[in-house]
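*Asks:* My structure is below; once you've seen it, I'll send some questions.
Residue numbers (our numbering): 101 to 1153.
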């Protein structure tokens, strides 16, 4: 960086009132967690983005810190008074310590707002405030400047093709120039148009937007159009100024993105020169018969004519008249397409789904293109991108569930009772570690609760600890195609960074390797604890979950049974007994497992001074079943004490305790049957003899029913409580072994898995909700959803080299874990449409809320609460230069194994689909034989083990779309490689399904990459319109995954 030392020194010595903030701080440099030297006191002065460090208030500045490309880590504890400045360049962190907590917080705010990004945020906030004020005055102003008829004319400028989430743009137009005059005869012009607005009330020229640069022609047809959003105060009296520039050197044309006074033209020495300008009124464009204006471009003095410019009003959804031949030019490089920006995403099913989608999608970006078809007609394409509030909502809900689950587990470990010294010490150690992890989850949830601002996590933040549960750069990418002869179609892809634990790092690999290694090591720790397989520990968690779920239900139904008896209501008694029987049978079945019996024995051996009694000959299941059927009185049930200590242990004791629940239920059933039978006989006899006597008998019988059922119900509850106590303790003992065998690795792996799963689940919930909304009127899809389930296909672009191999291992486990997720659609009871998450780590249920009118469109099975299954599959093909190294010098086995395993899962889903669904439920343009051929082709490509075989991804994506699945595309940050893949997929769909002219495939691809939503995504993430590739990297990329020249270069990611 160039700077003038004298000017900086002079600035540092200016009077105190000239600085944004100043004061004493203790400062030192930090590498990692170690301070290079002890903090030294310095007088600090902040001016703009410059922080001057001085020994004292009157001395010279000893150091100047430029507050750009850095961020602040503020410690949230009440006692800490320090903050740390971290730099993207990798230079040592700057540690700053204040004298008090308020002073520390004041410095944190001042430093956080000092850089250019903070200044831009302030500018954006002021602009939004101005827009809100103008919007409030807009209706009055419209009538002040325009007649009412003209105001109504402007209000009719709305598209009618499909419904939208937000209001439509007020005005949109495209631009083209003809017969431009160059400074020299032989020079080919490289031109762009700058658009400025003159507001009628203020008469101030405001720079609004620019088109892209079109190279090598004097008749440029610009890809980028101009859009004025609904809140923009534009009227028929508004004037728009169009200024045309000739760019001599694209690499030097930096003024297009820099800030200049609105009334000044850029200097000619910055890489471009002024050609001409013109002005028109909005009313002239709106009222023109052809909705087109042809304007003359003149030099700045208004004398010389340098060409003409055409302004065309654009309306999405209306077919353009005429052929495309008149658009073609003599220049081969000319891109024949139009693109414009707008600010609203689209709904599909009408106005009813606007509230529910508004709750999920935020900050939409929209572009519009037009491309020629193979029969020389125009098709229009709207490309949309929106972030989602689910990026933070889902992880916060999930962490809250983890906290509750872990608190229950810790309490269950404490309730194990007295243990021998070895086991008691183990329990103490486990609980101590678990409490530490629980505290970490609680701190993370508290930090996320403080988050405000954007609803997505940028690629630059993927290593931040407080955001490690949040998915990276999660967005909906949508393409809506309006063709002249084909039905309108929507294509959605969810783009997200690969679910991975970036903060924890990948030095030792990812979850796939770490879990395998941990399980192998845990088998060898039998001398310290008892080994239970992962299946057994999962079963233990399931048993505990069933206990917590069923016990209160059984108790509630038992109380309802007694209430029905006291009211002498036969019908209510029957219904209550039916519900009680169903839940109790589920309860008994939950413990019909050898694991509970063996865990009880293991727990007994862990008690102080245990003695085992030799077991008698075990009874088989049939005998136990006979006991349940023939037992008919509670006096035959032997009550058992709690698990015995310091006494002999009968291994058959659990069988008796467990069977007592079933026996006591049979007693209740038998008693209810006898009561109802006697009641019928008594009611008939008494009614025949004396009706008034029958009424008296009714009151007396109600009291008898309650008295006769009450002891049986109490016995059932007591037996159930005894089973619960024993089962809970035994299963908690199993979990104790799982934790003790691998401390602290077990808990760290659980944390890593929770982080990865949280990122994956947020994307899945977003994808499901969007798919449900778009398919609400597709009865075939809805039938498939509840009959078979939903296919969720992930496309990975990670390499199998270095850190990305660890990311791929994390991603594979996280996506596989999504099989534990079930969805349920419910009717929303309020205006809050965000999904509700319930369950535990081995089983989650996501309740998606729909407004009443949308809920009524669902099949009866879904409305009744049927759980909807997910079938996630992952196919990965590395495409970058690191994958080249892996293929030539490393190992690609990980990628091959993942693809092969998921191919089998995809085949299983297809088999289920063909068995349960009729052939006519496939998309209308497909036949069943096509899918068989695609699956076989995919199988062959995976077996071929060809380098960078991107056809695997194309085939998998095509199969997913044809099976009504949800598509995901992932790379490290969902920014660069993902953008290449998504745009390629969109153009391939236009070519294969919508007859895009073959000569325009590459042009359309470059257009979407240069001017579309994905370059906006790059800007959102790194504040720069450059894909993070260099020329050497791109040499290793497959041909169609390379961005157009001028759109890539050095950019921090």
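Where a beta carbon is used, it is the ideal one built from N, C-alpha and C, also for glycine.
1) According to DSSP, residue 143 sits in a beta bridge with which residue or residues?
2) What do you reckon, are the CB atoms on residue 1101 and residue 1087 nearer than 8 Å?
3) Assign residue 521 to one of two classes, buried (16 or more other C-beta atoms within 10 Å of its C-beta) or exposed (fewer than that).
4) Straight-line CA distance for residue 591 to residue 1062?
5) With a threshold of 16 other CB atoms inside 10 Å of the CB of residue 156, please say whether the residue is buried or exposed.
6) Counting along the chain, where does the alpha helix (DSSP H) carrying residue 383 start and finish?
7) Under 6 Å Cβ to Cβ from residue 1080, same chain only, skipping five residues before and after it: list those, please.
8) Excluding five sequence neighbours on each side, which residues of the same chain lie with their C-beta closer than 8 Å to the C-beta of residue 742?
9) Would residue 104 be called buried (16 or more neighbouring beta carbons within 10 Å of its own) or exposed?
10) I'd like to check one pair, residue 864 with residue 918: are the Cβ atoms closer than 8 Å?
11) Where DSSP assigns a beta bridge to residue 277, which residues make up the other side?
12) Under a three-way DSSP split, which group does residue 976 fall into?
13) For residue 127 versus residue 194, is the C-beta distance shorter than 8 Å?
14) Roughly how many angstroms separate the alpha carbons of residue 257 and residue 327, rounded to a whole number?
15) Within 8 Å, do at least three Cβ pairs link the stretch 977–997 to the stretch 950–958?
16) With a 10 Å radius around its C-beta and 16 neighbouring C-beta atoms as the bar for buried, classify residue 1131 as buried or exposed.
17) Based on the DSSP output, what are the partners of residue 290 in its beta bridges?
18) When you compare only the Cα positions, how much space is there between residue 406 and residue 396?
19) Counting C-beta neighbours from all protein chains within 10 Å, is the total for residue 624 16 or more, i.e. buried, or is it exposed?
20) Residue 1112 and residue 483 look like a contact to me (Cβ under 8 Å); what is the Cβ gap, rounded to whole Å?
21) Count the other C-beta atoms from every protein chain shown that fall within 10 angstroms of the C-beta of residue 351, then say buried if there are 16 or more, exposed otherwise.
22) Tell me which residue opens and which closes the alpha helix (DSSP H) that residue 1116 is part of.
23) Quick check: the Cα distance between residue 550 and residue 699, rounded to an integer number of angstroms?
24) Alpha carbon to alpha carbon, how far is residue 761 from residue 659?
25) Mapping DSSP to helix, strand and coil, what is residue 603?
26) Let me make sure I understand the geometry here. Which of 779, 273 and 647 has the alpha-carbon closest to that of residue 669?
27) Check the Cβ-Cβ distances between residue 295 and every residue of chain B, and say whether any is below 8 Å.
28) Can you list the alpha helix (DSSP H) stretches of 4 or more residues lying completely in the stretch 898–965, in chain order?
29) Spatial neighbours of residue 754 within its chain, please: C-beta separation below 8 Å, excluding the five flanking residues on both sides.
30) So for residue 400, helix, strand or coil by DSSP?
31) What do you get for residue 684, buried or exposed, if any count of 16 or more other CB atoms within 10 angstroms of its CB means buried?
32) Restricting to Cα atoms, I'd like to know which of 889, 585 and 644 is closest to residue 1012.
33) Do residue 340 and residue 386 come within 8 Å of each other at the CB atom, strictly closer than that value?
34) Following the continuous beta strand (DSSP E) through residue 896, name the residue where it begins and the one where it ends.
35) Just tell me which of 1106, 1105, 1077 and 1094 has its CA closest to the CA of residue 1127.
36) Is DSSP giving residue 673 helix, strand or coil here?
*Replies:* With the structure as the only source:
1) BP columns for residue 143 point to 124 and 154.
2) Cβ atoms of residue 1101 and residue 1087: closer than 8 Å.
3) Taking all protein chains in view, the Cβ of residue 521 is surrounded by fewer than 16 other Cβ atoms within 10 Å, so the residue is classified as exposed.
4) Distance between the alpha carbons of residue 591 and residue 1062: 11 Å.
5) So residue 156 counts as exposed.
6) According to the DSSP assignment, residue 383 belongs to the alpha helix (DSSP H) that extends over 382–387.
7) Setting aside the 5 residues that flank it on each side, residue 1080 is surrounded in the same chain by 1141, each with a C-beta closer than 6 Å to its C-beta; the list follows chain order.
8) For residue 742, the pLDDT reaches just 36, beneath the cut-off of 50, and the residue's location in the model is therefore unreliable, leaving the point undetermined.
9) Answer is exposed; the Cβ neighbour count stays below 16.
10) Going by C-beta atoms, residue 918 is nearer than 8 Å to residue 864.
11) Under DSSP, residue 277 forms a beta bridge with 409.
12) Assignment of residue 976 by DSSP, reduced to helix, strand and coil, places it in the strand class.
13) Cβ distance < 8 Å, so residue 127 and residue 194 count as in contact.
14) Confidence at residue 257 is low in this model, with a pLDDT of 36, below 50, so the placement of that residue is unreliable and no value is reported for it.
15) Short answer: they don't touch.
16) Residue 1131 counts as exposed, since fewer than 16 other C-beta atoms from the protein chains shown sit within 10 angstroms of its C-beta.
17) Answer is 315, bridged to residue 290.
18) Cα to Cα, residue 406 sits roughly 8 Å from residue 396.
19) When all chains shown are included, residue 624 counts as exposed.
20) About 5 Å; that satisfies the 8 Å criterion.
21) Annotation note: pLDDT 48 at residue 351 (below 50); position unreliable, coordinate value reported separately. Here residue 351 is exposed: its Cβ has fewer than 16 other Cβ atoms, across all protein chains shown, within 10 Å.
22) 1113–1122 is the span of the alpha helix (DSSP H), which, as asked, contains residue 1116.
23) One Cα belongs to residue 550, the other to residue 699, and the distance between them is close to 44 Å.
24) One Cα belongs to residue 761, the other to residue 659, and the distance between them is close to 16 Å.
25) Of the three classes helix, strand and coil, the one that applies to residue 603 here is coil, per DSSP.
26) Minimum Cα distance to residue 669 is reached at 779.
27) Of the protein chains in this structure there is only one, and it is not chain B.
28) Taken in chain order, the complete alpha helix (DSSP H) segments of 4 residues or longer contained in the stretch 898–965 are 903–916, 952–955 and 960–963.
29) Within the same chain, 696, 697, 700 and 826 come within 8 Å of residue 754 by CB-CB distance, once the 5 residues on both sides are set aside.
30) If DSSP states are grouped into helix, strand and coil, residue 400 belongs with coil.
31) Under this definition residue 684 is a buried residue.
32) Relative to the Cα of residue 1012, the nearest Cα in the group 889, 585 and 644 belongs to 889.
33) Result no, Cβ atoms of residue 386 and residue 340 do not sit closer than 8 Å.
34) First-last of the beta strand (DSSP E) with residue 896: 890–896.
35) Among 1106, 1105, 1077 and 1094, the Cα nearest to that of residue 1127 belongs to 1077.
36) Of the three classes helix, strand and coil, the one that applies to residue 673 here is helix, per DSSP.
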